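**Student:**
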Amino acid sequence: MNDEPNIIDLFPTPLYVVTDVLTEEENQELIDHIIATQDKQVGKGADCWDSGKASPKNSFGIDLKNEEEFNLILKKAHFHVTQYAKKFNFPSNNFDYMNKEWWWNVYDNHSYQEFHSHTPHLFSGVYYAKVPVGSSDIKFRHPIWNLGIPHTNENQYNSDHAVFKCYDRSMIIFPSTLLHCVPSGENTEPRISFSFNYG
Ligand SMILES: [Fe+2]
1387 MNDEPNIIDL FPTPLYVVTD VLTEEENQEL IDHIIATQDK QVGKGADCWD SGKASPKNSF
1447 GIDLKNEEEF NLILKKAHFH VTQYAKKFNF PSNNFDYMNK EWWWNVYDNH SYQEFHSHTP
1507 HLFSGVYYAK VPVGSSDIKF RHPIWNLGIP HTNENQYNSD HAVFKCYDRS MIIFPSTLLH
1567 CVPSGENTEP RISFSFNYG
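Positions in the sequence shown are counted from 1; adding 1386 to them yields my numbering.
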């Protein structure tokens, strides 16, 4: 007889992580394009997000589908979202009918974005093109963040957040319901990311 107690982690939150999504050259082309257009295209982030004028420069709400410079990263995002969706046994033919959107973000001058989710989408992701020294990482909030259990040392059960360290040319995908934020950074070079939603 085994009377040892067990802890079973109910309802795990899957975070998909993949590195070296683009080659150095491909990544540089993407960076160059975003840098070249960052002041010509003004997305709706400052109007839609609580961070307002302190939001990163962005192309949120702008239709980028005619800009071929994004074709490759969109193809990679699509591939990885389909891989991620398999973990949910999500029907692959549904991808043709899903709403899809994407936009770039340039964080500089201590810009930030508050905690938010990407509902009503299903799957959301970020590709990190450039994460210079001093950049903030992405911070996820525990789905039951107001648990409020007093504790001395932080662990995976009592912490209200988890930080994922961002690396150049890496991509993450997570459930769109998962709250996350990007705190104000100390980077002097621009932190460049590419976000996308499916569903
Ligand atoms: Fe986000």
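We treat Cβ as the ideally placed atom computed from N, Cα and C, and that holds for glycine. Model, not experiment: these values are computed from the prediction.
Checking 8 Å against the spacing of the C-beta atoms, do Ile1420 and Ile1578 come in under that value?
**Tutor:** The answer is yes: Cβ separation under 8 Å.
**Student:** Could you check the C-alpha separation between Ser1570 and Gly1511 for me, to the nearest Å?
**Tutor:** Straight-line Cα distance between these residues: approximately 20 Å.
**Student:** Can you tell me where the beta strand (DSSP E) with Val1403 in it begins and where it stops?
**Tutor:** Val1403 -> beta strand (DSSP E) spans Tyr1402 to Val1404.
**Student:** Answer yes if the stretch 1523-1540 comes into contact with the stretch 1480-1489, meaning at least three C-beta pairs across the two stretches below 8 Å, and no otherwise.
**Tutor:** Too few Cβ pairs lie closer than 8 Å, so no.
**Student:** How many Å lie between Glu1572 and Gly1520 at the Cα?
**Tutor:** Looking at the two C-alpha atoms, the distance is approximately 5 Å.
**Student:** Could you give the first and the last residue of the continuous beta strand (DSSP E) run that contains Cys1434?
**Tutor:** No beta strand (DSSP E) holds Cys1434; the alpha helix (DSSP H) holding it covers Gly1431 to Cys1434.
**Student:** Considering only heavy atoms of ligand 1, does any lie closer than 7 Å to the CB of His1507?
**Tutor:** Result no, Cβ not under 7 Å from ligand 1.
**Student:** Excluding sequence positions up to five away, which residues of its chain have a Cβ less than 7 Å from the Cβ of Val1568?
**Tutor:** Same-chain partners within the cutoff: Tyr1493, Tyr1498, Gln1499, Ser1522 and Ile1524.
**Student:** Can you tell me the Cα-Cα spacing of Thr1505 and Asn1485, whole angstroms?
**Tutor:** Each residue's Cα considered, the two are about 12 Å apart.
**Student:** In whole angstroms, what separates the C-alpha of Arg1555 from that of Glu1455?
**Tutor:** Their backbone Cα atoms lie some 16 Å apart in a straight line.
**Student:** Taking buried to mean at least 16 other C-beta atoms within 10 Å of its own C-beta, is Phe1380 buried or exposed?
**Tutor:** Beyond the ends of the chain as shown, which are 1387 and 1585, falls residue 1380; an answer cannot be given.
**Student:** Just mark Asn1413 as buried or exposed, buried being the case when its beta carbon has 16 or more other beta carbons within 10 Å.
**Tutor:** Counting Cβ neighbours within 10 Å, Asn1413 comes out buried, since at least 16 surround it.
**Student:** Does the distance from the CB of Leu1408 to the CB of Lys1461 come in under 8 Å?
**Tutor:** Not a contact, by the Cβ cut-off of 8 Å.
**Student:** Just checking Ser1521 against ligand 1 - is the residue's beta carbon closer than 7 Å to any of the ligand's heavy atoms?
**Tutor:** Outside the cutoff, so no.
**Student:** Let's test the definition: count the other Cβ atoms within 10 Å of the Cβ of Gly1429 and tell me whether it reaches 16, buried, or not, exposed.
**Tutor:** So Gly1429 ends up on the buried side.
**Student:** Which residues in the same chain as Ile1535 place their Cβ atom closer than 7 Å to its Cβ, once the five residues preceding and following it in sequence are excluded?
**Tutor:** Correct list, in chain order: Asn1544.
**Student:** Taking 7 Å as the cut-off, is the beta-carbon of His1464 closer than that to any non-hydrogen atom of ligand 1?
**Tutor:** Result no, Cβ not under 7 Å from ligand 1.
**Student:** At what residues does the alpha helix (DSSP H) containing Tyr1470 begin and finish?
**Tutor:** From DSSP, the alpha helix (DSSP H) with Tyr1470 extends over Asn1457 to Lys1472.
**Student:** Cβ of His1547 versus every heavy atom of ligand 1: is any distance shorter than 7 Å?
**Tutor:** Answer for His1547: no, Cβ out of range of ligand 1.
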